[in-house]
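**Q**
Protein chains: 2
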Amino acid sequence: MRQSRMFIPTMRETPQDADSLSHRLMLKAGMIKQMASGVYTYLPITKLVLNNIEQIVREEMNAIEGVEIHMPVLHPKELWQESGRWEAYGSELMRLEDRHGREFALGPTHEEIVTALLRDELKSYKKLPLTVFQIQTKFRDELRPRYGLLRGREFIMKDAYSFHSNEDSLDEKYQDMYMAYSKIFSRVGLNYRAVEADSGAIGGSHTHEFMALADIGEDTIAYTEESNYAANIEKAGCPIPEAKTVESTNEIEKVATPDVKTCSALADFLDIKLEETTKTMIMKVDERYVMILLRGDHELNDVKVKTHFATDDIRFATDEEIRSLMQADPGSLGPVDAGIEVYLDHQVKNMQDYPTGANESGYHFLNVNHKRDFEIGGYGDFRLIVEGEMAQDGSGPVKFMKGIEVGQVFKLGTKYSEAMNLNVLDENGRSTPVLMGCYGVGISRTLSAIVESHHDERGIIWPKSVTPFDVHIVTPNPKDKEAEAVAEELYATLGADYRVLYDDRKERAGVKFADSDLIGLPFRVVVGRDAKEGVVEIKPRSSDASINLPVGELKQYLEDNY
Amino acid sequence: MRQSRMFIPTMRETPQDADSLSHRLMLKAGMIKQMASGVYTYLPITKLVLNNIEQIVREEMNAIEGVEIHMPVLHPKELWQESGRWEAYGSELMRLEDRHGREFALGPTHEEIVTALLRDELKSYKKLPLTVFQIQTKFRDELRPRYGLLRGREFIMKDAYSFHSNEDSLDEKYQDMYMAYSKIFSRVGLNYRAVEADSGAIGGSHTHEFMALADIGEDTIAYTEESNYAANIEKAGCPIPEAKTVESTNEIEKVATPDVKTCSALADFLDIKLEETTKTMIMKVDERYVMILLRGDHELNDVKVKTHFATDDIRFATDEEIRSLMQADPGSLGPVDAGIEVYLDHQVKNMQDYPTGANESGYHFLNVNHKRDFEIGGYGDFRLIVEGEMAQDGSGPVKFMKGIEVGQVFKLGTKYSEAMNLNVLDENGRSTPVLMGCYGVGISRTLSAIVESHHDERGIIWPKSVTPFDVHIVTPNPKDKEAEAVAEELYATLGADYRVLYDDRKERAGVKFADSDLIGLPFRVVVGRDAKEGVVEIKPRSSDASINLPVGELKQYLEDNY
């Protein structure tokens with residue numbers, strides 16, 4: 001393709017309003033243009049990359065017997081009422097009325113449509129399993145669209161749905177999808193982790209999120225280099241220390257601690273380490289109050305508290321509730337004579353002679369020991385893991401990284417088939433609800449994630465699997481007619497085997513090189529002043545070294561190095 | 001692909017509510033499923049064919065330097081207000097409000113978006129010409145969706161837009177597009193005609209519609225077999241007879257014609273042929289009334305009247321206006337002493353001694369002759385052409401056919417660039433509005449048009465260029481294990497070179513053959529009772545003859561015959 005006929009409106013300045021690296025780079029490289037908040041036009045470079053990503057997704061879906069369909073954007077309200085989501089989805093669901101006053105949603109996801117599609121056609125378990133997928137524009141009215149394509153209101157998704165007559169079949173397809181997703185994200189060049197996304201409370205793993213590791217991202221992932229272990233930090237299990245025999249040695253002692261309201265203030269006051277202090281929290285769990293003790297340097301993880309108590313109904317007690325309950329300020333709480341159940345984080349189990357609040361404002365106890373000084377309601381994993389601690393799978397120390405969710409696999413079970421009457425006759429002729437799985441890849445998100453992780457200070461560095469073109473031919477001096485002739489010929493000959501972008505524009509060399517770095521094709525061929533001697537320069541985008549080659553050897557070089 | 005894992009819900013019964021042949025066939029062949037009025041899910045067979053059509057369109061667009069982009073579905077109201085179409089588009093434009101109360105349209109076409117996209121980026125004529133295209137879901141709230149995918153509310157379009165700094169460049173691209181469209185519609189297997197779609201009044205040809213000839217269709221096309229001449233019947237020019245010297249021979253004579261109100265009644269009354277009568281009409285053209293005379297067997301064409309008088313403001317005079325103006329009933333009008341301007345259709349020019357109304361209710365004149373008996377305001381082509389008359393290009397007699405509009409090319413000129421301030425600096429540094437063209441292909445319509453013209457009484461017969469699979473392997477007896485083994489091996493070996501659908505379902509032979517005919521792949525390979533002797537049957541879908549072949553020769557047969 002001749003660059004003069006392309007539309008790549010690169011920018012020299014770094015756009016001020018872009019709030020993520022990929023957003024900035026995609027604007028600078030002339031890849032996207034915002035038309036409204038969270039609504040973008042994808043320009044030619046982007047479209048080429050999207051086509052490549054979509055093709056990889058399509059291949060991997062076909063490989064596991066996924067068949068491609070195309071469902072509508074317009075979803076009749078009645079179907080969403082059947083599933084109960086017309087109300088439940090809230091204001092993220094975009095809605096409209098047609099000329100006859102009938103209401104529709106713009107599809108953010110297609111469970112209702114696909115369930116309605118199949119309930120009329122599936123009669124027998126013999127037609128199962130079945131897996132359908134589509135690659136399609138979706139709509140979600142985000143409250144605060146941001147990060148360019150990472151959180152838009154109109155975006156491209158691959159969504160797949162599978163249908164089964166028994167759990168084994170669903171499990172098998174889930175595993176197939178998990179593997180297909182792993183291949184997809186490997187092929188497009190992402191460093192990703194599959195993260196268990198549900199809490200243990202619900203019972204059994206039935207959803208994984210595929211997170212692309214990146215500097216930006218709204219989730220923090222705990223992972224190890226040593227295995228494929230990864231978990232959202234809210235779900236990452238903390239190591240449980242082996243139980244030691246703890247002997248109580250020192251007498252409990254009450255000390256005045258004026259103005260000490262935090263663990264670090266206490267550590268300073270007592271001249272001990274922060275990790276030698278404890279942190280006391282009062283939470284309301286369902287209808288009762290409980291006290292939770294953590295080590296002073298640890299952070300409470302409310303997701304784990306929910307899991308421990310098997311309820312979603314938890315919250316911190318208010319200062320007012322605390323004063324009424326404990327007759328003390330929040331900064332002076334402790335387990336001794338607390339009058340409510342006390343739970344210890346596992347990490348407190350082996351502590352001894354530790355300080356706690358005295359349930360009297362301005363006072364703490366020293367040398368507190370559980371069992372001796374107070375009763376224990378139970379132990380649990382109540383905290384966020386800390387970087388460097390052993391991962392739950394024992395493979396090595398966890399590291400933290402931000403993650404961008406690029407895919408999710410999910411066992412829906414019979415949620416939609418029961419709500420919407422998708423049944424088949426089983427082997428015994430009994431009507432039974434169909435088991436379903438759903439599986440999503442954020443196509444435009446994946447593109448952003450690729451850019452987040454493949455770039456340098458000069459621009460994008462496309463992985464070969466998704467690059468919009470293979471080779472960038474650049475003529476630094478548009479007035480050099482000899483070079484132009486060589487470039488034209490190269491454009492024609494290389495074009496037979498490679499996708500070539502030929503910068504034939506009448507621009508200065510500086511502009512052309514800067515654009516070339518921004519656009520980031522795997523190889524750049526510079527046809528410059530040595531062209532008249534039949535010599536050109538070739539440089540991989542990922543390296544700083546270029547080499548001079550006779551034109552005749554270029555093809556061989558690319559064959560060897562691409 | 002194994003048919004057991006596909007989703008092709010064929011029907012045995014002919015669906016009652018389908019209102020066109022393609023609609024019926026696509027329902028029967030399990031290709032589409034209606035989700036709401038004019039809103040469909042495209043099932044796997046359809047999606048495969050659409051992908052093939054889209055790829056052909058993409059290749060032909062790339063071949064004329066079209067670059068692919070992807071514009072949003074959500075269009076901000078403000079842009080449509082700039083062009084004036086927020087109001088003008090009426091209730092076919094689907095509209096919604098986002099959670100913040102901002103209004104959007106669902107794009108039925110993207111002139112506003114693409115103009116807004118480029119006005120920020122195009123500064124100089126040097127960036128021109130530029131052609132962008134997209135393949136995308138569009139929305140139009142049709143009052144009466146019908147004919148399946150032919151007139152839906154959500155449909156797939158390829159729309160392209162070109163940008164130019166001068167007329168020559170626009171003309172050149174228009175010609176390129178015209179040729180690209182011709183290639184596209186030829187490649188997908190349509191019998192089509194490019195039809196001039198504008199009237200001469202506006203000045204010069206600046207739009208063509210590509211009509212697929214079909215039995216259904218809302219337009220009537222006049223075309224010839226002898227050339228590529230084709231025109232919408234409203235635009236098809238009538239042959240102009242050579243002028244003869246017409247001598248007035250008989251005296252004008254007034255006769256009572258009680259109850260004669262039409263030309264055929266007059267012909268009967270006078271015992272002459274209908275074509276020997278004349279038809280008199282009074283029209284209001286702008287602010288004046290004119291009389292138009294046609295031969296009695298011809299039909300007025302109001303589009304041509306508009307063209308002749310270079311105005312859109314024409315209508316028939318009401319009976320009341322006629323009585324007040326002519327002092328006679330509409331059935332008794334004529335040009336003699338009419339008191340208003342009289343225009344003759346070319347075909348009346350050579351008539352002589354013809355009857356006309358006498359401008360007195362219940363009376364006609366016989367032996368009227370123009371010039372002798374009344375003054376002529378002018379001659380013109382005011383009528384619809386009749387099948388069998390010579391085509392305007394002189395190539396042969398016109399035939400009529402219904403046509404489905406599958407594409408349109410259109411010179412927009414500066415309509416949008418002026419309304420929305422899309423300007424570039426020209427060679428002299430002056431700001432000048434950009435010239436635009438727009439070019440559409442109805443992708444889902446094209447699919448319907450293909451089905452309309454490639455079928456027999458048993459089902460679809462896919463053209464090879466768009467067929468979802470090349471070969472259909474069918475095992476008529478699912479219990480025949482030897483045949484199954486042969487089929488499995490064929491599925492694997494043919495699969496290397498061809499796209500194979502393998503009907504591995506546990507269904508009766510009758511069901512399998514009926515489905516196979518409905519689905520209509522180019523070749524069917526039946527692996528039946530002779531399979532154990534290594535013999536299979538192959539049959540092209542387009543013929544009734546099948547031949548038996550040793551399995552080993554199948555590949556060669558396909559190579560020779562595909």
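These protein sequences, in sequence, are chains R and G. When we follow full-length UniProt numbering, the leftmost residue of the first sequence carries the number 1, and every step to the right adds one. When we follow full-length UniProt numbering, the leftmost residue of the second sequence carries the number 1, and every step to the right adds one. From the three backbone atoms N, C-alpha and C, an ideal C-beta is built for every residue, glycine too.
1. Quick one: grab the DSSP three-state call for ARG144 of chain G.
2. Expressed to the nearest angstrom, what Euclidean distance is found between the alpha-carbon atoms of VAL441 of chain G and GLU68 of chain G?
3. Would you call the stretch 535-546 of chain R in contact with the stretch 473-490 of chain G, where contact means no fewer than 3 C-beta pairs closer than 8 Å?
4. Name the two residues that bound the continuous alpha helix (DSSP H) containing ASN62 of chain R.
5. Which residue's Cα is closest to the Cα of LEU452 of chain G: G:LEU21, G:GLU54, G:GLU78 and G:MET6?
6. For chain G, is any of its Cβ atoms less than 8 Å away from the one on ASP98 of chain R?
7. If you draw a straight line from the C-alpha of ALA212 of chain R to the C-alpha of TYR192 of chain R, how long is it?
8. If I measure Cβ to Cβ from LEU27 of chain G and keep anything under 7 Å in the same chain, skipping five residues before and after, which residues do I get?
9. Does ARG151 of chain R pass the burial test, meaning 16 or more other C-beta atoms within 10 Å, or should it be called exposed?
10. Quick one: grab the DSSP three-state call for TYR125 of chain G.
11. Name the residue from G:TYR416, G:LEU521 and G:GLN347 whose alpha carbon lies nearest to the alpha carbon of ASP456 of chain G.
12. List the residues of chain G whose Cβ lies closer than 9 Å to the Cβ of PHE523 of chain R, in chain order.
13. Count the other CB atoms, across all protein chains shown, that sit within 10 Å of the CB of SER332 of chain R; report buried if there are 16 or more and exposed otherwise.
14. Starting from PHE104 of chain R, trace the beta strand (DSSP E) both ways and give me its first and last residue.
15. Kindly indicate if chain R contains any beta-carbon less than 8 Å away from that of MET94 of chain G.
16. Can you pull the chain R neighbours of ASP259 of chain G, defined as C-beta to C-beta under 7 Å?
17. Can you pull the chain B residues whose beta carbon is under 7 Å from the beta carbon of TYR174 of chain R, in chain order?
18. Measure the alpha-carbon distance for ALA116 of chain G versus LEU79 of chain G and round it to whole angstroms.
19. Kindly indicate which three-state DSSP category GLN136 of chain G falls into: helix, strand or coil?
20. Can you pull the chain G residues whose beta carbon is under 7 Å from the beta carbon of VAL132 of chain R, in chain order?
21. Please determine, among G:TYR174, G:LEU384, G:PRO463 and G:GLU387, the residue with the shortest C-alpha to C-alpha distance to ILE64 of chain G.
22. On the three-state DSSP scale, how would you describe GLU13 of chain R?
23. Can you check whether the C-beta of ARG12 of chain R is within less than 8 Å of a C-beta belonging to chain G?
24. Does DSSP put VAL486 of chain R in a helix, in a strand, or in coil?
25. Nearest chain G C-beta to THR446 of chain R closer than 8 Å, yes or no?
26. Less than 8 Å between CB atoms is the rule here; does ASP497 of chain R satisfy it with respect to chain G?
27. Would you check if the stretch 396-413 of chain R and the stretch 170-186 of chain R touch, i.e. whether three or more CB-CB distances between them fall below 8 Å?
28. Can you tell me which of the three DSSP states PRO239 of chain G falls into?
29. Can you list the alpha helix (DSSP H) stretches of 4 or more residues lying completely in the stretch 268-314 of chain R, in chain order?
30. Which residue wins for smallest C-alpha separation from residue 574 of chain G, given the options G:LYS273, G:MET1, G:ALA29 and G:ARG5?
31. Buried or exposed: which applies to GLN134 of chain G, given that a residue is buried once 16 or more other Cβ atoms fall within 10 Å of its Cβ?
32. Count the other CB atoms, across all protein chains shown, that sit within 10 Å of the CB of PRO550 of chain G; report buried if there are 16 or more and exposed otherwise.
33. Around the Cβ of ILE8 of chain G, are there at least 16 other Cβ atoms within 10 angstroms (buried) or fewer (exposed)?
34. Using a cut-off of 8 Å between C-beta atoms, extract the partners of TYR229 of chain G located in chain R.
35. Looking at C-alpha atoms only, which residue of R:ASP215, R:SER124, R:CYS238 and R:ARG146 is the closest neighbour of GLU299 of chain R?
36. Could you have a look at ALA18 of chain G and say whether DSSP puts it in helix, strand or coil?
**A** To lay it out plainly:
1. DSSP, reduced to helix, strand and coil, places ARG144 of chain G outside both helices and strands of the structure shown, so it counts as coil.
2. So the alpha carbons of these two residues sit roughly 14 Å apart.
3. Contact fails between the stretch 535-546 of chain R and the stretch 473-490 of chain G, because fewer than three Cβ pairs, one in each stretch, are under 8 Å apart.
4. Looking at the DSSP string, the run of the alpha helix (DSSP H) that includes ASN62 of chain R is 44-63.
5. Per the sequence shown, residue 452 of chain G should be read as Glu rather than Leu. When each option's Cα is compared against that of GLU452 of chain G, the closest is G:LEU21.
6. Output row for ASP98 of chain R: interface = yes.
7. Cα to Cα, ALA212 of chain R sits roughly 4 Å from TYR192 of chain R.
8. In chain order, MET11, PRO15 and ALA18 place their CB closer than 7 Å to the CB of LEU27 of chain G, counting only its own chain and leaving out the 5 sequence neighbours on each side.
9. Burial call: buried.
10. Helix, per DSSP.
11. In terms of Cα proximity to ASP456 of chain G, the closest of G:TYR416, G:LEU521 and G:GLN347 is G:LEU521.
12. Those do not exist, as PHE523 of chain R stays about 21 Å from chain G at its closest Cβ, beyond 9 Å.
13. That one is buried.
14. Secondary structure note for PHE104 of chain R: its beta strand (DSSP E) is the uninterrupted segment 103-106.
15. Yes, contact with chain R.
16. The contacting residues do not exist; ASP259 of chain G stays about 47 Å from chain R at best.
17. Of the chains in the structure shown, none is chain B; the protein chains are R and G.
18. When rounded, the distance between both Cα atoms is 7 Å.
19. For GLN136 of chain G, the secondary structure class from DSSP, reduced to helix, strand or coil, is strand.
20. Annotation: Cβ neighbours of VAL132 of chain R in chain G (cutoff 7 Å, chain order): PHE7.
21. It is G:TYR174.
22. If DSSP states are grouped into helix, strand and coil, GLU13 of chain R belongs with coil.
23. Chain G contact via Cβ: absent.
24. Note: VAL486 of chain R maps to helix in three-state DSSP.
25. Using a CB distance cut-off of 8 Å, THR446 of chain R does not count as an interface residue toward chain G.
26. Residue contact check for ASP497 of chain R against chain G: no CB pair falls below 8 Å.
27. Verdict: yes, contact present.
28. In this structure, PRO239 of chain G counts as coil in the three-state DSSP scheme.
29. Secondary structure within the stretch 268-314 of chain R: the alpha helix (DSSP H) runs of 4 or more consecutive residues, fully enclosed, are 302-309 (chain order).
30. Absent from the model: residue 574 of chain G. The displayed extent of chain G is 1 to 562, so no value can be given.
31. Only buried fits GLN134 of chain G, as 16 or more other CB atoms lie within 10 angstroms of its CB.
32. With fewer than 16 other beta carbons inside 10 angstroms of its own, PRO550 of chain G counts as exposed.
33. By the neighbour-count rule (16 or more Cβ atoms within 10 Å), ILE8 of chain G is buried.
34. TYR229 of chain G does not reach chain R, its nearest Cβ partner there being about 34 Å away, counting only Cβ pairs nearer than 8 Å.
35. The shortest Cα separation from GLU299 of chain R among R:ASP215, R:SER124, R:CYS238 and R:ARG146 belongs to R:CYS238.
36. Correct three-state label for ALA18 of chain G: coil.
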